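Residue numbers (the UniProt record's numbering), protein chains in the order written: chain A, 1 to 392; chain B, 1 to 392; chain C, 1 to 373; chain D, 1 to 373.
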Amino acid sequence: MDLNFTPEEQAFRAEIRQWVAGHLPQDISHKVHNALRLNKDDLQRWARILGKQGWHGWAWPKQFGGPGWNAVQRHLFEEECALAGAPRVVPFGPVMVAPVIMAFGSREQQERHLPGIMSGDVWWSQGYSEPGSGSDLASVKTRAERRGDVYVVNGQKTWTTLGQYGDWIFCLVRTDPSVKPQAGISFLLVDMKSPGVTVRPITMLDGEHEVNEVFFDDVQVPVGNLVGEENKGWTYAKYLLAHERTNIADVNRAKRELERLKRIARAEGVYDDARFRDQIALLEVDIVALEMMVLRVLSAESSGKQSLDVAGLLKIRGSEIQQRYTELMMLAAGPFATPFIQEAMEAGWQGDQVGAAHCAPLASHYFNYRKTTIYGGSNEVQRNIVAQTVLG
Amino acid sequence: MDLNFTPEEQAFRAEIRQWVAGHLPQDISHKVHNALRLNKDDLQRWARILGKQGWHGWAWPKQFGGPGWNAVQRHLFEEECALAGAPRVVPFGPVMVAPVIMAFGSREQQERHLPGIMSGDVWWSQGYSEPGSGSDLASVKTRAERRGDVYVVNGQKTWTTLGQYGDWIFCLVRTDPSVKPQAGISFLLVDMKSPGVTVRPITMLDGEHEVNEVFFDDVQVPVGNLVGEENKGWTYAKYLLAHERTNIADVNRAKRELERLKRIARAEGVYDDARFRDQIALLEVDIVALEMMVLRVLSAESSGKQSLDVAGLLKIRGSEIQQRYTELMMLAAGPFATPFIQEAMEAGWQGDQVGAAHCAPLASHYFNYRKTTIYGGSNEVQRNIVAQTVLG
Amino acid sequence: MDFDFSDDQTSLRDAVRRYVDKDYDFEQRRAIVKAGGFSRAAWDGLAGLGLTALAVPEAHGGLGFGPVEAMVVMEELGRGLVMEPYAQGGLIAPAVLAQAPDAVQADWLPRIAGGEALVVLAHQERAARYRLDVCDTLATADHRLTGAKSVVPAGDQADAFIVPARAGGAGAGIALYLVAKDAAGVALRGYALHDGSRAAELTLKDTPATLLVGPDRGLAALEHAVDIAIAAQAAEAVGAMDRFVALTAEYLNTRKQFGVAIASFQALRHRMADVKMQLELARSMSYFATLKLNEAPDARRRAISQAKVQLGQAMRFVGQQCTQLHGGIGVTDEYVGSHYFKRLALMEMQFGDSMHHLGEVSRRMQDTAGVFA
Amino acid sequence: MDFDFSDDQTSLRDAVRRYVDKDYDFEQRRAIVKAGGFSRAAWDGLAGLGLTALAVPEAHGGLGFGPVEAMVVMEELGRGLVMEPYAQGGLIAPAVLAQAPDAVQADWLPRIAGGEALVVLAHQERAARYRLDVCDTLATADHRLTGAKSVVPAGDQADAFIVPARAGGAGAGIALYLVAKDAAGVALRGYALHDGSRAAELTLKDTPATLLVGPDRGLAALEHAVDIAIAAQAAEAVGAMDRFVALTAEYLNTRKQFGVAIASFQALRHRMADVKMQLELARSMSYFATLKLNEAPDARRRAISQAKVQLGQAMRFVGQQCTQLHGGIGVTDEYVGSHYFKRLALMEMQFGDSMHHLGEVSRRMQDTAGVFA
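And the structure:
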């Protein structure tokens, strides 16, 4: 038992740190450190910088062009990126669909899609959720009917994050309505430029356009875009969800945001107020405990000697902590967090602020982060899962 | 809308206050104010003092010898007794079985039992819970078979509070096992001196003997002790449970105990510690809010103009507050609350204390009060009931 | 002790509710948000109901009603998420102006009662956080004011401002002044708040003003004004929460997952029980705040802080949980629920958040406690 | 970074668990409680396993093991609710004595390792609450001590005490002394604690003592000793909670209401998920405390306080909720669960409760945070 990283791991961390310091554009890290708005260019610029280094798919094995890092190395990479103020990598390509293509896709699909994902050139979207599906993902209604060499897709996906930028979308579609829900689902890759695909924005409570509805109206998808076997899609979907768990607790970002909370609290004069400071202290304890839990998982993954099934706990606690730091930041600013001046959330805005510049995005972020206990399997669903591990 | 009591109500309060000041024995109020152990004599002495005044059944209508007070008057009486340090009236006689006897008992039963309850001479116990019944009270297994002029009772009751002192016990018994659970229950009054009744103590986690198991082994009960009709007992049981709600929030006692908490915190040096004091302040807010909710119920009962179905909320919040003040008292004493010296909880004990004398009963009370969220319909059951009112 | 509403109060409630249902539904509200967050027509509508006259003394053309009527109105405005600053213009302004010299009263109160003049409190300063005794705005002996006030409700729509300033320079006592919108040296910068309502930054530079309450009673009058605001806001929050809880109950009974209404899941049912608890505690403390408004300052301030602690907790819990219970739809702009959530979040930070008022409760704590302590 | 236990550590765990299962089951424990809360036979049993030698340097007949082995042992003792003060006699005493003059070490450490001498820390004073720098016990220049110490673990069973006292009178620095049980002027009054274990009031009157650590390092040594105690207690609590959670899960799966196992009720399932969360956070922070024990004092103290905050919350939540989930049986003396509850409640108040350590975390907070900060 040892809390410290090995000298090799520390050297690896130093190498990553140095590389990130030399390659992460300062205008981007400035935005991240100040919670200013990131646009498509920011995200894609960073994706391509990573891609050039072969790290946009940092969890990929070497055979598919990834660095082949182990769990600890992946964690250190994620931590160094987060602390340096890198944007979160948009996961739909490199973290979600890529592992499915590697595991179940054809050689052709692998050769066609993986390079574009790694390079950051091709933007992928996720087509899982549907109106009314909620936590019941297997209730897929979007139909795909085989007609010769194509599937004809009709239906609707929703909550498609950043789908407005998407080049491709991976979808769960129903190919056999006659069997029980899980058995009739297929996993399809769809070019979003296909005729019949329409993306409509959903405005969120903070006024931002972050998610979308995607409509499919007689969209023709070549049968070559079917991943694996027809009607086996649910298996692949579950495989994907298992992989999505990487970095699910997001504790590295929490550490960075805790530092920002302290800066804001200091500037607003509440860091030395015992009552407010206690709340920061409690959050700090929560974050250290979460980080220890993440490290335990890493250790278990690395050694393979113990199994540690706490993904549900990591999701619940990670999301609660995210919500808490956005809440405390907003409370630190108080009345000065209440103005809604969207331009003030852009980097370099020269207009008049209300209060300090750091106040502008705080309430928006608090509102926005309510999603974290809802998406990715709501915390209620996660509690069902955790209870299952305790009670059977 | 008016927060103030009417001049008549205030005069009533003054009258009660004066009477209590003149009649509540100081040795008893000393014990209550310092959470020292109350024995049978203490409880019965106070019951008889009330009984002599006709107030042991303070919620009874005049026709049965009660004072005929309205809801506000009953509340003021309860409040004055609580604040003065009177013991809680043992409810099984005057609050629980008496209303059932009044509503459903025969004239003979009323004449036989009510005077002894009012006078405080006859000690009643409750025979509702059975091993395994928990919140499912209708799962009564204790059998009563009619044989001529008697019911022969066999079975077991449990959690019988202070049953070791009981003269009589009211019981739910199964008289018809062939129908659905609720339909085959009868309500029986049993003389605890009858042959075949055995009372066995249950020691609680604080080491106290507060509850009992009561065994019935071929106990012969005259049919004249059946209340109302055979197999209609569930109706009477529900009626009783509805009446049990009186003073369910116990907010008056909470106010008294909050004062004690402040005294203890001051003596232990934490009243001026901002962190501890904040916890007292939060509790104070909770108590004021609970009291306002109780007053709203009183107002609704008095005027009859609104209906306010918040009994579940009162039980939940009242019990949470009781647990919280015992917890804070214990935390105020800290290490000095950890010794378990039972004699130190007796009034007048001259032995050496560990820490201040007020420390001795604190942990015991904290432990003991865990029951409050379990008994009287657990808080989980109460939440089911509250949810029903909101969601149907 | 009586919490029944009188027939007149019930009629008042019904009238306001009818107005809100008809003239301030979600779509009409959305149009007002889009237009900047304040509608003069809506203000006229409230005036048309007599609400702007409600708290104005009868001698000045008002109805002379008290805190209970104000509470009834605020609950209904909260239920409808009405953004126009009724508590400011209809309750606080009359209360402060009633302490002003007679001529000022005669000048302003009838116009306030008639809905022609909107007067709001401009007290928030950058360095003050929630403390009322921190005030860097200075007044000269001849009542010329220099300073800056932040997040003034409907600031660029108001006709005049009630402005606390130190009478005679730094270190002097706080007096309250009336500043007309078009007075010399007034600069306003308007913007929207996150709940869709309107506010502004107000700067004063050697601006002529009218003395309302002198430095001997200025801070006390400001505290009283803020207490009125907190009581009003408590009622508003109760109205908003009551509606949000009802919407959530409706949603849970409609929405199906795994083939059943999600209202059948016990974990969600218990959450709703907890939400209902917070709602009823909040309602109880809204009554408490309202019925303590006319007490002596010490008792009043303590009661108001106790109420705000309870209300602040309730706003946060009910807002967050009702949002959570809706799932994805709950965090979209198109669904009315998210607007309740945002409004509740903002209200917690107005006039002192829960932490601030907990500090006040702690500071003012006495040996005895309870509603009548 | 590696949280696997070595084979030796696993063997150690198994050995302790076997011992506890066999020689310290609930009935055997009950007999010890009845006999006063301390069993010399049980202590000998622990010594027989080599546990009293565990933390003693090899030079003095010990095994020289470190914090991880201590953690492994404490978890198992916690799981079995073992009342004998192993952390005191087996971990703290060797750590403090290792800083004593050579002759003292040679005198005591071998006897501690062999289980013949039980030495405990007697630091709690009436006025100190949880502060270690409050000490009214005074020592003369020739090491004669006068003062009183409270709630000394197994005080009337111990052979000697480690006693902090001001070296040279009031206002002087705190030094640590060894006081033998039979020294002149020692008075002991033993009693049981609520968890069934034993403690005593210790008074010293001009009692001759041996200097262990001088006033230049006495307070630092005391802080280190208490940190060892907190880390040990964290592991003990994890063992206790782990077992209590398992008992509760078993109960929910067995107990039927309305014809079904109550483990099927979603509200109870979610509560168990919350309990499991607290357990795993606590376990994580128990590791953290243990692995930070050898850090520099500042980092160590901060980490220990962070751990105690988390552990304190977990002890309370897990204890209360597992009790609640059992219903009536959970609050009876005959059921083992209530003994876990009481033990957890007492542990929160030993060596500083959650509020105290939150204050320490707040005070020691730095700009950066995290496991490696």
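Positions of the beta carbon are idealized from the N, C-alpha and C atoms, including for glycine.
Only a predicted model underlies this, so the values are computations on that prediction, with no experimental measurement involved.
*asked:* Could you check whether residue 254 (chain C) and residue 202 (chain A) sit closer than 9 Å to each other, using their CB atoms as the reference points?
replied: Stepping through the first sequence from its first residue, residue 202 (chain A) is reached at position 202. Stepping through the third sequence from its first residue, residue 254 (chain C) is reached at position 254. For residue 202 (chain A) and residue 254 (chain C), no; Cβs fall outside 9 Å.
*Closer than 8 Å by beta-carbon distance: list the chain D residues that pair up with residue 136 (chain B), in chain order.*
Taking the second sequence and counting its residues from 1, the one referred to as residue 136 (chain B) is at position 136. Chain D residues near residue 136 (chain B): 257, 258.
*Do you know whose CA, among B:382, B:331, B:383, B:372, lies nearest residue 359 (chain B)'s CA?*
Your numbering for residue 359 (chain B) matches position 359 in the second sequence. Looking at the Cα atoms, B:331 is the closest of the given residues.
*Which same chain residues, not among the five before or five after residue 303 (chain D), have their C-beta less than 8 Å away from its C-beta?*
Residue 303 (chain D) sits at position 303 when you count from the first residue of the fourth sequence. If we look at residue 303 (chain D) and ignore the five residues flanking it on each side, its Cβ neighbours are 288, 289, 292, 295.
*List the whole-angstrom C-beta distance separating residue 112 (chain D) from residue 56 (chain D), where the pair is believed to meet the contact cut-off of C-beta under 8 Å.*
For this step, residue 112 (chain D) is matched to residue 112 along the fourth sequence. For this step, residue 56 (chain D) is matched to residue 56 along the fourth sequence. That pair is a contact at about 6 Å.
*Under the rule that 16 or more other beta-carbon atoms within 10 Å means buried, what is residue 107 (chain A), buried or exposed?*
Taking the first residue of the first sequence as 1, we reach residue 107 (chain A) at position 107. Exposed, because fewer than 16 other Cβ atoms sit within 10 Å of the Cβ of residue 107 (chain A).
_Boundaries of the beta strand (DSSP E) in which residue 370 (chain A) is found, first to last residue_ = Counting from one through the first sequence, the residue named residue 370 (chain A) turns up at place 370. That residue, residue 370 (chain A), is in no beta strand (DSSP E); it is neither H nor E in DSSP.
*Give every residue of the same chain whose Cβ lies closer than 6 Å to the Cβ of residue 24 (chain A), excluding the five residues on either side of it in the sequence, and list them in chain order.*
Counting from one through the first sequence, the residue named residue 24 (chain A) turns up at place 24. 84, 86.
*Sorted by chain position, which residues of the same chain lie with C-beta nearer than 6 Å to residue 322 (chain D)'s C-beta, five sequence neighbours on each side aside?*
Here residue 322 (chain D) refers to the residue found at position 322 when the fourth sequence is read from its first residue. 244, 248.
*Which class does residue 180 (chain C) belong to by DSSP, given the choice of helix, strand or coil?*
As a first step, residue 180 (chain C) must be located in the third sequence, where it is residue number 180. Three-state DSSP puts residue 180 (chain C) in a strand.
*Rounded to a whole number of angstroms, what is the C-alpha to C-alpha distance between residue 221 (chain A) and residue 264 (chain C)?*
Against the first sequence, residue 221 (chain A) aligns to sequence position 221. Against the third sequence, residue 264 (chain C) aligns to sequence position 264. Roughly 40 Å separates the two Cα atoms.
*Note down the Cα distance separating residue 232 (chain D) from residue 286 (chain D), rounded to an integer number of angstroms.*
One-based indexing of the fourth sequence puts residue 232 (chain D) at position 232. One-based indexing of the fourth sequence puts residue 286 (chain D) at position 286. Taking the straight line from one Cα to the other gives about 8 Å.
_Host beta strand (DSSP E) of residue 150 (chain D) (start-end)_ = For the purposes of this step, residue 150 (chain D) is identified with residue 150 of the fourth sequence, where counting begins at 1. Residues 144-153.
_Supposed close pair residue 170 (chain C), residue 132 (chain C) - CB separation, criterion 8 Å_ = As a working mapping, residue 170 (chain C) is identified with position 170 in the third sequence. As a working mapping, residue 132 (chain C) is identified with position 132 in the third sequence. Going by Cβ atoms, the distance from residue 170 (chain C) to residue 132 (chain C) rounds to 17 Å, so no, they are not a contact pair.
*Can you say whether residue 26 (chain C) is buried or exposed, counting buried as having 16 or more other CB atoms within 10 angstroms of its CB?*
Counted from its first residue, the third sequence places residue 26 (chain C) at position 26. The residue in question, residue 26 (chain C), is exposed, as its Cβ has fewer than 16 Cβ neighbours within 10 Å.
*residue 116 (chain A) to residue 236 (chain A), Cα distance in whole Å?*
Counted from its first residue, the first sequence places residue 116 (chain A) at position 116. Counted from its first residue, the first sequence places residue 236 (chain A) at position 236. Going from the Cα of residue 116 (chain A) to the Cα of residue 236 (chain A) covers about 21 Å.
_Beta-carbon proximity list for residue 183 (chain C), same chain, < 6 Å, skipping 5 on both sides_ = In the third sequence, counting from the first residue as 1, residue 183 (chain C) sits at position 183. These residues qualify, in order along the chain: 207, 208.
*Contacting residues, own chain, Cβ-Cβ under 6 Å from residue 23 (chain C) (five flanking each side not counted)*: The residue you call residue 23 (chain C) lines up with position 23 of the third sequence. So the list reads 45, once near-sequence residues are dropped.
*asked:* Going by DSSP in three states, residue 423 (chain A) sits in which element: helix, strand or coil?
replied: Because residue 423 (chain A) is not part of the residues shown, which for chain A are 1 to 392, the question remains open.
*Comparing alpha-carbon positions, which option in A:225, A:338, A:336, A:95 lies nearest residue 61 (chain A)?*
Numbered from its first residue, the first sequence carries residue 61 (chain A) at position 61. When each option's Cα is compared against that of residue 61 (chain A), the closest is A:95.
*From residue 435 (chain A) to residue 17 (chain A), what distance separates their C-alpha atoms?*
Since the displayed chain A opens at 1 and closes at 392, residue 435 (chain A) lies outside it and no answer follows.
*Which residues, in chain order, does the UniProt domain "Acyl-CoA oxidase/dehydrogenase middle" (127-219) of chain B contribute to contact with chain D at a C-beta distance below 7 Å?*
134, 135, 136, 159, 202, 203, 204, 205, 207
*Return the chain-ordered list of same chain residues with a C-beta closer than 7 Å to the C-beta of residue 358 (chain C), the five sequence neighbours on each side being excluded.*
Counting from one through the third sequence, the residue named residue 358 (chain C) turns up at place 358. 309.
_residue 147 (chain A) classed as buried or exposed, judged by whether at least 16 other C-beta atoms fall within 10 angstroms_ = Within the first sequence, residue 147 (chain A) is the residue found at index 147, counting from 1. Residue 147 (chain A) is exposed by the Cβ-count criterion.
*Expressed to the nearest angstrom, what Euclidean distance is found between the alpha-carbon atoms of residue 127 (chain A) and residue 119 (chain A)?*
Looking up residue 127 (chain A) in the first sequence gives position 127. Looking up residue 119 (chain A) in the first sequence gives position 119. If you take the alpha carbons of residue 127 (chain A) and residue 119 (chain A), they lie about 22 Å apart.
_Residue(s) in a DSSP beta bridge with residue 186 (chain B)_ = Counted from its first residue, the second sequence places residue 186 (chain B) at position 186. Residue 186 (chain B) is bridged to B:173.
_Taking only three categories from DSSP, how would you classify residue 19 (chain B)?_
Translated into positions along the second sequence, residue 19 (chain B) becomes position 19. In this structure, residue 19 (chain B) counts as helix in the three-state DSSP scheme.
*Alpha-carbon spacing of residue 200 (chain A) relative to residue 354 (chain D), whole angstroms*: Residue 200 (chain A) sits at position 200 when you count from the first residue of the first sequence. Residue 354 (chain D) sits at position 354 when you count from the first residue of the fourth sequence. Going by the C-alpha atoms only, they are around 50 Å apart.
*Taking the alpha-carbon positions, what's the residue 174 (chain B) to residue 248 (chain B) distance?*
The residue you call residue 174 (chain B) lines up with position 174 of the second sequence. The residue you call residue 248 (chain B) lines up with position 248 of the second sequence. For residue 174 (chain B) and residue 248 (chain B), the distance between alpha carbons rounds to 28 Å.
*asked:* Quick check: is the beta carbon of residue 299 (chain A) nearer than 9 Å to any beta carbon in chain C?
replied: Position 299 of the first sequence, counted from the first residue, corresponds to residue 299 (chain A). Not one chain C Cβ lies under 9 Å of residue 299 (chain A).
*chain D contacts from the stretch 261-278 of chain C (Cβ-Cβ distance under 7 Å)*: 265, 266, 267, 270
_Within the UniProt domain "Acyl-CoA oxidase/dehydrogenase middle" (127-219) of chain A, ranges of the alpha helix (DSSP H) (whole runs, at least 4 residues)_ = none
*Tell me which same chain residues have a C-beta within less than 8 Å of the C-beta of residue 4 (chain D), skipping the five on either side of it?*
Residue 4 (chain D) sits at position 4 when you count from the first residue of the fourth sequence. Closer than 8 Å at Cβ, skipping near neighbours: no residue.
_Contacting positions in the stretch 49-70 of chain A - beta carbon closer than 8 Å to chain D_ = none
_Does chain B have any CB closer than 9 Å to the CB of residue 6 (chain C)?_
The residue labelled residue 6 (chain C) in the question sits at position 6 within the third sequence. So, interface residue.
*Counting along the chain, where does the alpha helix (DSSP H) carrying residue 208 (chain C) start and finish?*
Taking the first residue of the third sequence as 1, we reach residue 208 (chain C) at position 208. Residue 208 (chain C) -> not in any alpha helix (DSSP H); beta strand (DSSP E) instead, spanning 198-208.
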